[in-house]
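Colleague:
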Amino acid sequence: MAKLIFLILMVISSLSIPIYATKTEESWFQIISNHGNEKTAKLHFYLQNLVGGENKTVYEVVRGSITSNSLFSFGSIVVLDNLITVEPDMKSEPIGRLQGVATSADLKTTAVDLNAYFYFTSGGVNGSTISISGRNPVVKNGEIELPIVGGTGMFRFARGYAIKNYTSIVENEYLLVECTIYMTYMDN
Ligand SMILES: *[C@@H]1O[C@H](CO)[C@@H](O)[C@H](O)[C@H]1NC(C)=O
Ligand SMILES: *[C@@H]1O[C@H](CO)[C@@H](O)[C@H](O)[C@H]1NC(C)=O
Ligand SMILES: *[C@@H]1O[C@H](CO)[C@@H](O)[C@H](O)[C@H]1NC(C)=O
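Residue numbers (mature numbering (1 follows the signal peptide of the UniProt record, and there is no 0)): -21 to -1, 1 to 167.
Pasting the structure below:
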């Protein structure tokens, strides 16, 4: 039933997009439904993780007494500042950065507590942020889900979820992650 309602909303909203089109609508950003100022949108982009090499964007900054003896780097904290692009290609249109910290927080498997925000620097959403916070299992393959817990600028009152898709690892020191966000926010 919920799926049906969602589909109907999608159809209605696709018909009404020309009426409600805002300056934020771009290939990576689609408004799925409108209820007054409350909008539901789908965002789709790629996260460029450079974990090694001369231009690396992820740095370990803290290790605990247990970290070296832990198979899962428990207690390690890394700070990241990863480029966000519209297409998988690192040289495609840049739209912002994913900045924050990831703390290895599971004694029995590889998982981090990710506390970060998407900081957008492109056109209509320049300066706006979306906060992501939650458990991020580190997988070689597959999709994981994290909560969207808030936002600023264009994305005030944001809530929803992000799907991180780890199917497209490219090299050892380079991890490409496809990211899709479904969220509701207040357009002010
Ligand atoms: C690192 O960045 C510099 C400056 O953008 C660039 O010239 C260089 O090719 C990059 N190195 C790698 C390994 O991508
Ligand atoms: C984004 O905003 C900053 C600061 O207001 C400004 O310097 C920059 O040119 C803007 N970028 C775009 C793409 O609008
Ligand atoms: C994840 O990537 C795989 C391979 O490209 C694709 O088949 C799948 O649809 C993607 N899932 C999402 C949620 O984007």
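Backbone N, C-alpha and C fix where the C-beta goes; we use that ideal spot for every residue, glycine too.
How big is the Cα-Cα spacing for Ile(-14) and Ser12?
Modeller: Here the question's residue -14 lines up with position 8 in the sequence shown. Here the question's residue 12 lines up with position 33 in the sequence shown. Only weak support exists for where Ile(-14) lies, its pLDDT of 45 falling under 50; the coordinates are left without a value.
Colleague: Measuring straight from C-alpha to C-alpha, what distance separates Phe24 and Ser71?
Modeller: Position 45 of the sequence shown, counted from the start, is the residue given in the question as residue 24. Position 92 of the sequence shown, counted from the start, is the residue given in the question as residue 71. Approximately 11 Å, taken between the alpha carbons.
Colleague: Starting from Ile74, follow the beta strand (DSSP E) in both directions and report where the run begins and ends.
Modeller: Within the sequence shown, residue 74 is the residue found at index 95, counting from 1. Segment Pro73 to Ser83, the beta strand (DSSP E) holding Ile74.
Colleague: Starting from Val91, follow the beta strand (DSSP E) in both directions and report where the run begins and ends.
Modeller: Looking up residue 91 in the sequence shown gives position 112. Element bounds for Val91: Ala90 to Phe99.
Colleague: Using the Cα positions of Thr46 and Ser52, report the straight-line distance between them to the nearest angstrom.
Modeller: Stepping through the sequence shown from its first residue, residue 46 is reached at position 67. Stepping through the sequence shown from its first residue, residue 52 is reached at position 73. The straight-line gap from Cα to Cα measures roughly 5 Å.
Colleague: What residue from Ser112, Glu150, Lys87 and Asp166 has the CA that sits closest to Leu50's CA?
Modeller: Looking up residue 50 in the sequence shown gives position 71. If we check each option's Cα against that of Leu50, Lys87 comes out closest.
Colleague: Taking the straight line between their C-alpha atoms, what separation do you get for Ile56 and Asn167?
Modeller: Position 77 of the sequence shown, counted from the start, is the residue given in the question as residue 56. Position 188 of the sequence shown, counted from the start, is the residue given in the question as residue 167. Spanning the two alpha carbons is a distance of roughly 36 Å.
Colleague: Excluding sequence positions up to five away, which residues of its chain have a Cβ less than 7 Å from the Cβ of Phe8?
Modeller: Counting from one through the sequence shown, the residue named residue 8 turns up at place 29. So the list reads Ala20 and Leu22, once near-sequence residues are dropped.
Colleague: Is Glu122 near ligand 3, in the sense that its beta carbon is under 7 Å from a heavy atom of that ligand?
Modeller: Within the sequence shown, numbered from 1, the residue matching residue 122 stands at position 143. For ligand 3, at least one heavy atom lies less than 7 Å from the Cβ of Glu122.
Colleague: Let me know if Gly76 comes out buried or exposed under the rule of 16 or more other beta-carbons within 10 Å of its beta-carbon.
Modeller: On the sequence shown, position 97 is the one that residue 76 refers to. The residue asked about is misnamed: residue 76 is Arg in this sequence, not Gly. Buried.
Colleague: What does the alpha-carbon distance come out to for the pair Val41 and Val30?
Modeller: For this step, residue 41 is matched to residue 62 along the sequence shown. For this step, residue 30 is matched to residue 51 along the sequence shown. Answer to the nearest angstrom: the Cα atoms are 16 Å apart.
Colleague: Tell me whether Ser6, by its Cβ, gets closer than 7 Å to a heavy atom of ligand 2.
Modeller: By 1-based counting over the sequence shown, the position of residue 6 is 27. Because no heavy atom of ligand 2 lies under 7 Å away, the Cβ of Ser6 does not count as near it: no.
Colleague: Exposed or buried, which one is Thr100 when buried takes at least 16 other CB atoms within 10 Å?
Modeller: Taking the sequence shown and counting its residues from 1, one reaches residue 100 at position 121. Burial call: exposed.
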